[in-house]
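Data first, discussion second: the structure below is written as structure tokens.
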Amino acid sequence: MAKITNNGRNPLHLPDGTFLPLGEEVEVKGWGKLKSHHLISALVEEGSLAVSDATDSREPEADKEVLFAKLKALGIEAGKNSSLKTLQERLIEAEAKAKEEAIAKLKEKGIDVGDDVTLEELQAELAKQP
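Right under this line is the structure:
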């Protein structure tokens, strides 16, 4: 959920049916899905729509899909019925294991890396190596 203010020239109806009068702040549920709509994202970018308090801007199902994709990229298949918490825990474990493996491979090649290096940086360094 997010609070949206219509700074445009006209009142606006969002694709989900929410009405945004001029200059008023309105709570919009499902903002995580709405914000990716091409017209809505353009209005936000140009400043016609102001977004505030979007701390919980994504729906749990959208979060789960992101986690499924990240796990799959690390070679882990997770059940579609897995809870958000379980997926987060599995991702943390999988990323830690992948990081350890990447560090070990780089050390085999004689490259020392610190513990503060991210998995993405390690993978990029591995990709550079012959």
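Everything in the sequence shown is counted per the working numbering, starting at 50 for the first residue and increasing by one. Idealized CB from N, CA, C, for every residue including glycine.
In this model, GLY159 and ILE152 are separated by some 10 Å (Cα to Cα).
Taking the Cα of SER101 as reference, the smallest distance to any Cα among GLU126, GLU74 and LYS119 is reached at GLU74. Under a 10 Å Cβ-count criterion, ILE53 is classified as buried, with 16 or more other Cβ atoms of the shown protein chains found around its own Cβ. Between the alpha carbons of ALA143 and PRO179 lies a distance of about 25 Å.
Burial check for ILE89: the Cβ neighbour count within 10 Å reaches 16 or more, so the residue is buried. It is roughly 7 Å from the alpha-carbon of GLY96 to the alpha-carbon of ASN56.
For the 8 Å CB-CB criterion, LYS148 and LEU171 form a contact. If you compare the alpha carbons of HIS87, ASP65 and LEU168 with that of LYS146, the shortest gap goes to LEU168. Between LEU175 and LEU155, the C-beta gap is smaller than 8 Å, which places the two residues in contact. Counting only the Cα atoms, GLU157 lies some 23 Å from GLY124. DSSP links LYS52 through a beta bridge to GLU76 and SER101.
Taking 8 Å as the cut-off, the Cβ atoms of LYS84 and MET50 do not count as close. Non-local C-beta neighbours of LEU92 in its own chain, meaning closer than 6 Å and more than five positions away in sequence, comprise LEU98, ordered along the chain.
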